[in-house]
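Numbering-wise, the sequence shown is residues 0 to 227 according to numbering that gives the first Met the number 0. Where is the CB? At the ideal position from N, CA and C, for every residue including glycine. First comes the structure, then the notes that go with it.
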Amino acid sequence: MSDLVLQCIDLKKRYGDGDIAVEVLRGIELQVKRGETLAIVGSSGSGKSTLLNMLGGLDLPSSGDVRVDDQSLFEISEQERAQLRNRSLGFVYQFHHLLAEFSALENVAMPLLIRGEAISNVREQATAILHSVGLSHRLEHKPSMLSGGERQRVAIARALVTNPACVLMDEPTGNLDRHTAQEVQALMDKLNNEFGISFVVVTHDPQLAEKQGRVVELKDGLLQQLNS
Numbered sequence: 000m001s002d003l004v005l006q007c008i009d010l011k012k013r014y015g016d017g018d019i020a021v022e023v024l025r026g027i028e029l030q031v032k033r034g035e036t037l038a039i040v041g042s043s044g045s046g047k048s049t050l051l052n053m054l055g056g057l058d059l060p061s062s063g064d065v066r067v068d069d070q071s072l073f074e075i076s077e078q079e080r081a082q083l084r085n086r087s088l089g090f091v092y093q094f095h096h097l098l099a100e101f102s103a104l105e106n107v108a109m110p111l112l113i114r115g116e117a118i119s120n121v122r123e124q125a126t127a128i129l130h131s132v133g134l135s136h137r138l139e140h141k142p143s144m145l146s147g148g149e150r151q152r153v154a155i156a157r158a159l160v161t162n163p164a165c166v167l168m169d170e171p172t173g174n175l176d177r178h179t180a181q182e183v184q185a186l187m188d189k190l191n192n193e194f195g196i197s198f199v200v201v202t203h204d205p206q207l208a209e210k211q212g213r214v215v216e217l218k219d220g221l222l223q224q225l226n227s
């Protein structure tokens, strides 16, 4: 098994053509090791979310490649890309995007149901991961019955239930108060230590960024190492 879970190779993204083309990413090179935690920082509009979307295969680059578990995201079909995402990546956003009509357990189970796993196994796995994030007492609660921090914990559990190699997080604490944000960071530390999951976090929160093992800044379409 490769030590790298995620790799960018000369990744470029431009919008428009000719004189009006805007080059957002100008040749990103990035490697994320198994068990590593990485923060991507940068000013608003610098392209951080665009980069994260391409790391997850949700947006196509103009050129270059992203490799997940040593497999190209962009040299395969859309169906194969979706299967690779489901198998190897988890996603957490600033707004949790939970399905309001479903319970915490049902929300977390969704990626496994999409995968086609047996209902009995799905419930067991979803229950176990909710327990690991401290929500075993909230299994049947719908999102409206949960606090902001609890909803984000459910979103993290949903990202983890497929046992991904890497979790991509876009402003995971941006909608939370400081105390709850610290709880989310503590949870990330716990999961990283216990399961060896890699985290790539796009954030404007300097306190969240400095807690990651490595920090890079996206500026003028390129990444610059800020610590190591």
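Cutoff 7 Å; reference residue i; Cβ partners in own chain excluding five residues on either side
i	result
Q124	L111 and V160
A80	Going by the sequence as given, residue 80 is Arg instead of Ala. Here the set comprises G56 and L72.
F90	G55, A158 and L167
Beta-carbon spacing of residue i, residue j below 8 Å
i	j	result
C7	G63	yes
G147	N174	yes
A117	R33	no
L207	Q184	yes
P142	A108	no
L24	G41	no
R13	S87	no
V21	L5	no
Helix, strand or coil at residue i [DSSP, three-state]
i	result
E28	strand
R66	strand
R143	Reading the sequence as shown, one finds Ser at residue 143 and not Arg. Three-state DSSP puts S143 in a helix.
A164	coil
E100	coil
R150	helix
I8	strand
L134	coil
L221	strand
R13	strand
Where the alpha helix (DSSP H) through residue i begins and ends
i	result
A108	A103 to R114
I128	I118 to S131
K47	K47 to L54
A20	Run containing A20: none; DSSP gives neither H nor E here.
L88	Segment L88 to Y92 is the beta strand (DSSP E) holding L88; no alpha helix (DSSP H) there.
D72	The sequence as given places Leu at residue 72; Asp does not occur at that position. Segment: none, L72 is in no alpha helix (DSSP H) and carries neither H nor E.
P60	Where P60 is concerned, there is no enclosing alpha helix (DSSP H), given that its DSSP letter is neither H nor E.
Beta strand (DSSP E) segment containing residue i, residue limits
i	result
V179	Note that residue 179 corresponds to Thr in the displayed sequence, not to Val. Per DSSP, T179 belongs to no beta strand (DSSP E); it is in the alpha helix (DSSP H), R177 to F194.
E216	R213 to K218
L37	T36 to V40
Any chain D beta carbon closer than 8 Å to residue i
i	result
H203	Note that chain D does not occur in the displayed structure, where there is just one protein chain.
Own chain partners of residue i with C-beta closer than 8 Å, once the 5 adjacent residues on each side are dropped
i	result
L145	A103, R137 and V153
A180	T172, D204, Q206 and L207
6 Å Cβ shell around residue i - same chain, five flanking residues per side excluded
i	result
V201	I39, K47, L51 and D169
R84	G56
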